[in-house]
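Right, one structure below, let's go through it.
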Amino acid sequence: MKKIVFFVFFIPVMGYASKYSDFVDALYYEKIGEYKKSFDLINKIAQKDNDVYLYKYLYNIASKASMSNELKNLSARIVEIDSTTADNWVIYGNTLAGEGRKDEAIKAYNKAIELDPENIDAYYQLAVLSSDNINEAERYFKKIIEIDPSFKTDSYYNIAVLYSLKKDEKKMKENIELSIKADPYNLKPYYFLAMYYEEKGNKDLAISSYKRLLDIEPTADVSNRIAELYLSIKDYDKANDYFLKTLEIDPDNSKALWWLSLINENKKDYKKAREYLSRIKNWEEDVDSVLKMSYFSIMDGDMASAVGILKNANKKWPGNPEIAYYLALGLMDQQNKENDKEIKSLFEMVVSSNPDNYEARYNLSVVCERLNDVDCFEKNFRELLRRNPNDHSVLNYLGYSLIDRGLKLDEAISMVEKAVSLDSENSAYLDSLAWGYYKKGDYQKAIEYMEKSINYLFKYNREKDPLMYEHYADILVKLGNYPKAYDNYKEAVLNGASPSVNLKAMSIIKDVDPYYLLAQTPFSIPEFKTNYEFILEFNSSYRKLLKRKNIKFSFNALMQSVLDEKYLSISVLGPLYTPVLSLDLYKDKYNFKSEISDERISNVDIEGYSVLICSLIRWYIQSAYYADFKGKLKNIKYMDKFYVYENVFKKGDRIKMSMKSNPFSFDYIEYICDDTEFIVNLSDFKVVKPGYSGSFVYYIPHSFEFKFDKTSIKLNIEKIDIKTP
């Protein structure tokens, strides 16, 4: 008996537990998005229980899973089970509306209102279905407001949307303002207005609407949109301000940082452009950002960083032709011959991926020429000419490259002649043509074209090319005009020619009148004054000069020369840059001060040698050796490659000057007087430009070495500053 009672009691518990377990499982499947499994479990329960709640739950799952057939059946089943609940008719109406059965849906919604006259969902759906009849739709939305005023902002908003669709801007604005008035902090009306005005092309009103929105809720998206609208009307300053406002809200906002980098690029403030771009998270992982950063670095004068960025990018994206192209250009700009093979490989990859890339093929040809790869540059230059037979730059480049190697001279000269016919006043093309005739041995034609080249160079104030002056000098040598050849070799050196030009000039100075040479050597500077900074090194073992033993020391020193006043001053600086020795020479007078106190060195000797050394320096750098003898050059003796001067500083002294290894300036001086003999070696000649805008440059030694009595004094110049007159 006990067993029977237990069995009867347990049966319903078993049924309930099974349904409960299925329901829990259904909830789980719904949560993880497996709607079909959830639907099947609930449906199994619903078919047994015929509970309207379960069918509504099934309807909800079917909606999420877009199960259209099930929705139709379920909504009908819901009203069939319970036709007295308004919400059930709203569900049914929604299904009918979704199927496009508008009239039936309206009946269902009206049935819901009949059951519940204040059913807001039914009125809302009727308003939506009546959107083609704006008066009817407006009536429904206003009914919603009447039922529940808390729906004012949404209802007026929806009415405004309907009027905007009907292009009734006046009523649209009225209702949007009513929506805003009902809830000034509701964002939807502001967004709608802003986007409405954007669509209409009224950017000022769109900006105004976004600003109202930004005041209520500052977000990066809205601030960025305002900035982008300012960009579209080219108001870059205001765009900049709003992108900065974005960064106040979100310091890492990539869109704002990107645009700020571009705005600063437009302002040519490449340092700031780099700064903003570098703040974008993982910018190194984006090809466009990498290319931009390399460009900004180049324009900011940091080619090394640009090349480094592109090298890393080339490793990350090997085979990317755009990265390879810009990396090759960056390496070319560094003008390091050791990079040429890598540059060639990069351009070859670019050309291989896009044979129509004209600029890449041109640059490939150029680097092949630098590598002396004749087959490569000739093949690629000729391909460019096949595509564009009148590209005078290519005609000249290929023609000159062949001429300079003595290859195919007639064809090469014809190419350059064609280039000249297309650009008749191009100095570089005329120089190439002159060089072609030089190579053929026709020096008269060569000089004719060379002089045209130089004339156009000056006529159009073009940048001086040292190779052009070297060519001019080479042609003049063949014609026996050595003085003019010497002048042009010097011009080549002053404009950066290679050291080989010095050797060419040295080979012809024997054929130039020595007094003409003398007139070309002065480097004295006609400006008001020149300042020098140098290191003075002293090394002596002379027993007469030193009372005990060898002495060595090194000091920083300053020198100033003023040509018109025949003034020269030198200050030797000790610790804390305080002068330990100073000497001022002014015409025939001097003022000497010394803080050196060393029993090894006589103060009298220090003063005497200092005055003599400074007098020699002044005589040289102010070019007194020429300036004081302009009217009586014959008083200067020329013997065995030495210019000899007598009675310079005092009666009986003698100075001998020579160009031992530098054809453009004296680099060796001997001074003899009584028992004193000085030898001065001048070296490390460099071209120096004034510290102001001007066309003059000067050829100045940066090392003076004085040798006398087993003593050496070196002046190694570190800086020269030529002041404005």
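So the number in our numbering is just where the residue sits in the sequence shown, counting from 1, plus 74.
We put the beta carbon where it would ideally sit given N, CA and C, even for glycine.
Is DSSP giving residue i helix, strand or coil here?
i	result
Ser738	The question names Ser, but residue 738 in the sequence shown is Phe. Residue state, collapsed to three classes: coil.
Ile397	helix
Gln199	helix
Gln634	strand
Met141	coil
Ile254	helix
Tyr474	helix
Tyr264	helix
Lys341	coil
Lys216	helix
Thr227	helix
Arg536	coil
Ser205	coil
Val425	helix
Ser697	coil
Pro764	coil
Val771	coil
Tyr259	coil
Leu553	coil
Ser645	strand
Do you know whose CA, among the options, lies nearest residue i's CA?
i	options	result
Leu261	Met246, Glu248, Gly275 and Asp228	Asp228
Asp449	Asn327, Met633, Leu531 and Leu472	Leu472
Cys688	Phe740, Ser379, Leu610 and Phe759	Leu610
Ala150	Tyr109, Ser140 and Trp163	Trp163
Ile743	Leu496, Phe759 and Ile691	Ile691
Asp323	Asp295, Asp407 and Asp309	The question names Asp, yet the displayed sequence has Ile at residue 323. Here the closest residue by C-alpha is Asp295.
Val468	Asn437, Asp177 and Glu522	Asn437
Ile644	Tyr745, Tyr660 and Leu650	Tyr660
Phe740	Asp758, Phe723, Leu420 and Ile383	Asp758
Lys582	Ala571, Tyr556, Lys216 and Leu591	A small fix is needed here, since residue 582 is Ile in this sequence, not Lys. Ranking Ala571, Tyr556, Lys216 and Leu591 by Cα distance to Ile582 puts Tyr556 first.
Trp333	Asn193, Ser363, Leu789 and Arg728	Ser363
Glu104	Lys285, Tyr523, Ala139 and Asp407	Ala139
Glu607	Glu491, Leu789 and Lys667	Leu789
Ile354	Ile106, Leu331 and Asp374	Leu331
Ala256	Ser628, Ser224, Tyr264 and Met269	Ser224
Asp783	Lys217, Asn677 and Asn613	Asn613
Arg728	Phe752, Leu707, Lys734 and Phe738	Phe752
Glu192	Glu178, Arg175 and Lys217	Lys217
Under a Cβ-count criterion, where at least 16 other Cβ atoms within 10 Å of its own Cβ denotes burial, should residue i be classed as buried or exposed?
i	result
Arg461	exposed
Lys793	exposed
Ile796	buried
Thr320	buried
Val361	exposed
Gln409	exposed
Met713	exposed
Thr158	exposed
Ile791	buried
Phe84	Interpretation of Phe84 is limited by its pLDDT of 34, a score under 50 that renders its predicted location unreliable; no figure is taken from the coordinates.
Lys390	exposed
Gln696	buried
Ala234	buried
Ser297	buried
Asn232	buried
Asn800	What the structure shows of the chain is the stretch from 75 to 799, and residue 800 is not part of that stretch, so it cannot be assessed.
Glu485	exposed
Leu318	exposed
Ile787	buried
Kindly identify the DSSP beta-bridge partner or partners of residue i.
i	result
Ile372	Beta-bridge pairing links Ile372 to no other residue.
Asn755	Tyr742 and Glu779
Thr604	Ser635 and Ile796
Glu611	Ser628 and Lys788
Asn665	Asp658
Phe716	Met713
Tyr590	DSSP output for Tyr590 lists no bridge partner at all.
Arg728	Glu720 and Ile746
Leu403	Note: Leu403 sits in no beta bridge, so no partner.
Pro653	Leu647
Would you please state the rounded distance, in angstroms, between the beta carbons of residue i and residue j? I believe it to be under 8 Å.
i	j	result
Glu396	Leu365	7 Å
Leu267	Ser283	4 Å
Leu568	Tyr369	Not a contact, Cβ separation roughly 34 Å.
Ala502	Asn470	7 Å
Val202	Ile155	Wrong, their Cβ atoms sit about 26 Å apart, outside the cutoff.
Gln594	Lys564	7 Å
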